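Each remark here refers to the structure printed beneath this line.
In full-length UniProt numbering, the protein residues as written are 1 to 1042.
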């Protein structure tokens, strides 16, 4: 890509497109490979480069980039006009209807076009920061003096490295960061592990007493001899063995304690049972004595129960006789009343058939009546709806005039309110913008610190003083600077006088000595003749030139100090005037803001009230509009009257149909009434027949027995025969039970148990309870002994007593043995507590071994990570060298040859510090490295920056990987001598010829411009030469003919 033409309009220094068109093409419409632009400082060279950069990238790095961004933003805020948008890019002298536009035509099919939009009141046309940037690759082919200045001096190595890696480091830099973090973490772990190791070694150096095992083993051996199985302790004793032994000792001690407590409880129980043996003997004897009495009472209770059963059976048989007799009587009554029942039943069947026929007829008439009623209801409803609709229509016609008048009034009011609301919104926006501007201005003005320097150096400071005071303040500072310069001169003179005082005194002494030895009227110091030798001697003695000069200098310094105080007082008084004006401005701004805020609040309140009224009116209009069907008045009257006529015709038909239905309903009602009367007569007759005694008795019998009237006669004869047989059997059973009761009574009388059954049962229960208590006490006694010793129910109480005494003696002896063993185990556990230091020592030894393994692993990891990081760093170094094209940089650098010794440029990354840096150094033939920041002059630094830039620009590519064949350089030769300038011109010419690159260079130096014309002539190399003849006006320059 090469640039063919740049058209600038209303941008920075360029006002009109005709004055700001840079044409870089030759006669064949091909872009020239070399373009030189000459202009004195301030004529618009930088504006040209700004225009090209802005058109291609939508950004200005020089003004809007991160470098020195805070200063530029501060300067922009300080010069911002409150009432209009700030124009930084737009030409300030162009008419408002002219658009700011830059078009860069290149060898690409589509030109780069950029146009400024409308600026908001609180905005500016220059964007600070990275937002909105495009085609950032183009920055690599633009070199300005600002970038030359800060390339070496301003950028820190760490920032240079960070910026490079953010754009080009990729996965390799990410790997370096991760490896560095891992190495630091690993080293931290190594230090922590080493600290733990040293602490453990110091603790292991403490001595441990091994005689503690002897006491333990002595007691354990005694217990093992008594049948225990306790592990003996020695120097091979481990923490696991200690844990197992401690657990076994505690477990065994617990077992012994449990067994001892069980034996103590058994001894107490056996002693208690031994005491209770006499009580058990009494219970056994009582059980034997009362056994026979209990048997007799059992038999009596049994006989009493049998007698009661016989009495119950006799009573039941008697009831069966009475029931059989009653049933026979009842069946005879049924037989006698059956004739009357059959007559009534025949008549009731006839009545039922007649009732069914009448009911069917009535149902048909009722159905017809229901249909007629529904039809009548529908006719009535239709009539009502028609009447209501007619009334509504007549009411709408009568009220249409007022409704339409109200609608018209409300709509006009809504339009007026909407207009008022719009006006209020405009007022709010304007006042809000004005308020924001005032508040921003207040914030800016409040931040001003009014000093004399601020008043003179800042544009804002001059606003607080009149021209007269500013001139006075300027004169004061000028005079103060003169006084400072004068004082420095006087002080220098004083120092020189002090140095020369000794020499002066020696000269005087030498002259007097000479005149004393060789009197003469000729001065030996200055060779001047005098009247005689004595006067010459007196004059030499009185020579005090240096003293007078020192005194005069002191008087001058005193006068300067007095004048300085006067000037400073005057500066303070002028500054106070500015401070008072500043305070008054702040007060005025706050007052204006307060008034504007109050006005905004009032407008917002009025706007809210208008919006509420508008919503209420709109709701009322919607309601009224529905009332008139959203029609005009004429349409409403026509439609309403037509509908009223239709409803009147419809109503006449409905009334006629209603009359016909009324007559049909009356006829059906008369028929239904006659049927109801006939049904009532039949119902009365049926009720009379059903209430007769014979009918009620027989019908109830039929229901109870589940038979019909045809089966009645046969069923009654069968039942009569059955009841007569039951009566005979019941009488025979009653006689038999009477005989059995008499025989059992006689037996009970002879046994002495013929008493009250309740009394007999009470005696029997009381005796059984006493026997159960005695047996329970005996059983409990033997059961309690069975859990402690072997005892049988057939053993006598004397044998049991002997067994208990023997068991008591055995258990008491076992208790003593268990107490002795338990005490021994307790002592062993106490001795084991002294094993802790030795066990801890063993644990520390294991921990030390594990730590040393971890330390070795961590050391291996550190070696591997460091090796990997070194490999990654080598990749980064190669990447840096390849990116900066170090070989090409050195070729370019040597062509210009700015330094006699240091001729090689190197990019040295520094990975040894916490934050890596990218240093630019130069070296000599012996490999000695120096930093150009510390040792190079301004010209040498410029040449180095130019070399690095050109090497990168020659390899620059766009986002699609296409070569960018244009290089733009703004005024690169500052501080260069003529040799360097000629070398630079030769280099640029070589680039154009060898690399086929387009060089666009500008300069303020007319001699350099002339050299370019001679060294790169237009008639041979096709170069283009342009000149800014005045501010923002470009013209072509006639080619120089060699």
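Don't be surprised by glycine CBs; every beta carbon is placed ideally from N, CA and C. Bear in mind that the values here come from a model prediction, so they are computed numbers and not experimental data.
**Request:** Measure the beta-carbon distance from residue 1065 to residue 1002 and round it to whole angstroms, keeping in mind my assumption that it falls under 8 Å.
**Result:** Nothing about residue 1065 can be read from this structure; the chain reaches only from 1 to 1042.
**Request:** Go through its chain and collect everything with a Cβ distance to residue 831's Cβ below 8 Å, but skip five positions before and after it.
**Result:** To locate residue 831, count along the chain shown from 1; it is residue 831. For residue 831, where only same-chain residues beyond five positions count, the Cβ hits under 8 Å are 212, 215, 216, 219.
**Prompt:** Contact check, residue 787 vs residue 280 under 8 Å by CB: the rounded distance?
**Reply:** As a first step, residue 787 is located in the chain shown; it is residue number 787 there, counting from the start. As a first step, residue 280 is located in the chain shown; it is residue number 280 there, counting from the start. No, residue 787 and residue 280 are not in contact; Cβ-Cβ is about 17 Å, not under 8 Å.
**Request:** Could you say which of 86, 724, 998, 652 lies nearest to residue 379 if we only look at CA atoms?
**Result:** In the chain shown, counting from the first residue as 1, residue 379 sits at position 379. Here the closest residue by C-alpha is 652.
**Prompt:** What is the DSSP secondary structure of residue 642, reduced to helix, strand or coil?
**Reply:** The residue given as residue 642 occupies position 642 in the chain shown. If DSSP states are grouped into helix, strand and coil, residue 642 belongs with the helices.
**Message:** Report the CB separation of residue 11 from residue 89 in whole angstroms; it is logged as a contact under 8 Å.
**Reply:** Mapped onto the chain shown, residue 11 falls at position 11. Mapped onto the chain shown, residue 89 falls at position 89. Contact holds; Cβ gap of about 6 Å.
**Own chain, CB closer than 8 Å to residue 741, minus 5 neighbours either side, in chain order** = Taking the first residue of the chain shown as 1, we reach residue 741 at position 741. Residues of the same chain with a CB within less than 8 Å of the CB of residue 741, apart from the 5 flanking positions on each side, are 307, 310, 311, 314 in chain order.
**Asked** Got a sec, what are the start and stop residues for the beta strand (DSSP E) residue 114 sits in?
**Response** Here residue 114 refers to the residue found at position 114 when the chain shown is read from its first residue. Its beta strand (DSSP E) spans residues 112-115.
**Item:** Those residues which DSSP pairs with residue 706 across a bridge
**Value:** The residue given as residue 706 occupies position 706 in the chain shown. Its beta-bridge partners do not exist; DSSP assigns none.
**Rounded separation between residue 920 and residue 588 - CA only** = In the chain shown, residue 920 corresponds to position 920, counting from 1. In the chain shown, residue 588 corresponds to position 588, counting from 1. Whole-angstrom Cα-Cα distance: 56 Å.
**Message:** For residue 238, tell me which candidate among 916, 1010, 843, 993 has the shortest Cα-Cα distance.
**Reply:** Working through the chain shown from its first residue, we reach residue 238 at position 238. Here the closest residue by C-alpha is 843.
**Asked** To the nearest angstrom, how far is it from the Cα of residue 545 to the Cα of residue 539?
**Response** Translated into positions along the chain shown, residue 545 becomes position 545. Translated into positions along the chain shown, residue 539 becomes position 539. Residue confidence for residue 545 is low, a pLDDT of 46 falling below 50, so the modelled location carries little weight and cannot support an answer.
**Request:** Check whether the Cβ atoms of residue 399 and residue 638 sit closer than 9 Å, and answer yes or no.
**Result:** As a working mapping, residue 399 is identified with position 399 in the chain shown. As a working mapping, residue 638 is identified with position 638 in the chain shown. No, they are not a contact pair.
**Asked** Quick one: what does DSSP say residue 801 is sitting in, helix, strand or coil?
**Response** As a position in the chain shown, residue 801 is number 801, starting the count at 1. DSSP places residue 801 in helix when its eight states are reduced to three.
**Prompt:** Using DSSP with H/G/I as helix, E/B as strand and the rest coil, what is residue 872?
**Reply:** Residue numbering aside, residue 872 sits at position 872 when the chain shown is read from its first letter. Note: residue 872 maps to helix in three-state DSSP.
**Prompt:** Looking at residue 19 and residue 1037, is the spacing between their C-beta atoms short of 9 Å?
**Reply:** Reading the chain shown from its first residue, position 1037 is the one you call residue 1037. Reading the chain shown from its first residue, position 19 is the one you call residue 19. Result no, Cβ atoms of residue 1037 and residue 19 do not sit closer than 9 Å.
**Prompt:** Taking all protein chains shown into account, do 16 or more other C-beta atoms lie within 10 angstroms of the C-beta of residue 93, making it buried, or fewer, making it exposed?
**Reply:** Here residue 93 refers to the residue found at position 93 when the chain shown is read from its first residue. It is exposed - the Cβ of residue 93 has fewer than 16 other Cβ atoms within 10 Å.
**Message:** In this structure, how does DSSP classify residue 977 when only helix, strand and coil are distinguished?
**Reply:** Position 977 of the chain shown, counting from 1, holds the residue named residue 977. Residue 977: coil per DSSP, three-state reduction.
**Message:** Using a Cβ-Cβ cutoff of less than 7 Å, which residues in the same chain neighbour residue 154 once the five nearest sequence positions on both sides are dropped?
**Reply:** On the chain shown, position 154 is the one that residue 154 refers to. For residue 154, the pLDDT reaches just 46, beneath the cut-off of 50, and the residue's location in the model is therefore unreliable, although a value from the coordinates is still provided. Nothing meets the Cβ criterion.
**Prompt:** How big is the Cα-Cα spacing for residue 381 and residue 375?
**Reply:** Counting from 1 along the chain shown, the entry for residue 381 is found at position 381. Counting from 1 along the chain shown, the entry for residue 375 is found at position 375. Cα to Cα, the separation comes out at about 10 Å.
**Message:** Measuring CB atoms only, is the stretch 334-347 touching the stretch 696-713, in the sense that at least three cross pairs come out at less than 8 Å?
**Reply:** Enough Cβ pairs lie closer than 8 Å, so yes.
**Asked** Alpha carbon to alpha carbon, what distance is there between residue 1007 and residue 483?
**Response** Residue numbering aside, residue 483 sits at position 483 when the chain shown is read from its first letter. Residue numbering aside, residue 1007 sits at position 1007 when the chain shown is read from its first letter. So the alpha carbons of these two residues sit roughly 41 Å apart.
**Message:** With H, G and I counted as helix, E and B as strand and the rest as coil, what does DSSP make of residue 545?
**Reply:** Here residue 545 corresponds to residue number 545 of the chain shown, with the count starting at 1. Because residue 545 carries a pLDDT of 46, less than 50, the predicted location of this residue cannot be relied on, and the following value inherits that uncertainty. Reduced to three states, the DSSP call for residue 545 is helix.
**Prompt:** Are the Cβ atoms of residue 473 and residue 571 separated by less than 9 Å?
**Reply:** Indexing the chain shown from 1 puts residue 473 at position 473. Indexing the chain shown from 1 puts residue 571 at position 571. Cβ atoms of residue 473 and residue 571: closer than 9 Å.
**Request:** Quick one: residues in its chain with C-beta nearer than 8 Å to the C-beta of residue 716, no 5 flanking neighbours on either side, listed in chain order?
**Result:** Along the chain shown, one-based indexing puts residue 716 at 716. Result list for residue 716: 331, 334, 335, 338, in chain order.
**Asked** Candidates 433, 994, 582: which alpha carbon is nearest residue 465's?
**Response** Residue mapping note: residue 465 aligns to position 465 of the chain shown, counting from 1. Comparing alpha-carbon positions, the option among 433, 994, 582 lying closest to residue 465 turns out to be 582.
**Message:** Restricting to Cα atoms, I'd like to know which of 449, 531, 87, 199 is closest to residue 586.
**Reply:** Here residue 586 refers to the residue found at position 586 when the chain shown is read from its first residue. Scanning 449, 531, 87, 199 for the CA closest to the CA of residue 586 turns up 449.
**Asked** Quick one: complete alpha helix (DSSP H) runs, 4+ long, within the stretch 985-1038?
**Response** 1006-1015, 1018-1021
**Request:** Tell me where the beta strand (DSSP E) around residue 30 begins and ends.
**Result:** Position 30 of the chain shown, counted from the start, is the residue given in the question as residue 30. Where residue 30 is concerned, there is no enclosing beta strand (DSSP E), given that its DSSP letter is neither H nor E.
**Item:** alpha helix (DSSP H) segment containing residue 330, residue limits
**Value:** Reading the chain shown from its first residue, position 330 is the one you call residue 330. Where residue 330 is concerned, the enclosing alpha helix (DSSP H) stretches over 291-446.
**Item:** beta strand (DSSP E) segment containing residue 5, residue limits
**Value:** For the purposes of this step, residue 5 is taken as residue 5 along the chain shown, with counting starting at 1. Counting along the chain, the beta strand (DSSP E) containing residue 5 begins and ends at 3-9.
**Secondary structure of residue 105, DSSP reduced to three states** = Here residue 105 refers to the residue found at position 105 of the chain shown. The answer is strand: DSSP assigns residue 105 an E or B state.
**Item:** Touching by the beta-carbon criterion (3+ pairs, under 8 Å), the stretch 660-668 and the stretch 394-411
**Value:** no
**Asked** What residues match up with residue 910 in a beta bridge as DSSP calls it?
**Response** Against the chain shown, residue 910 aligns to sequence position 910. Note: residue 910 sits in a beta bridge opposite 917.
**Separation of residue 789 from residue 807, as counted between CA atoms** = Residue mapping note: residue 807 aligns to position 807 of the chain shown, counting from 1. Residue mapping note: residue 789 aligns to position 789 of the chain shown, counting from 1. Their backbone Cα atoms lie some 7 Å apart in a straight line.
**Asked** Got a sec, what are the start and stop residues for the beta strand (DSSP E) residue 971 sits in?
**Response** On the chain shown, residue 971 is found 971 positions in, with the first residue counted as 1. No beta strand (DSSP E) holds residue 971; DSSP gives it neither H nor E.
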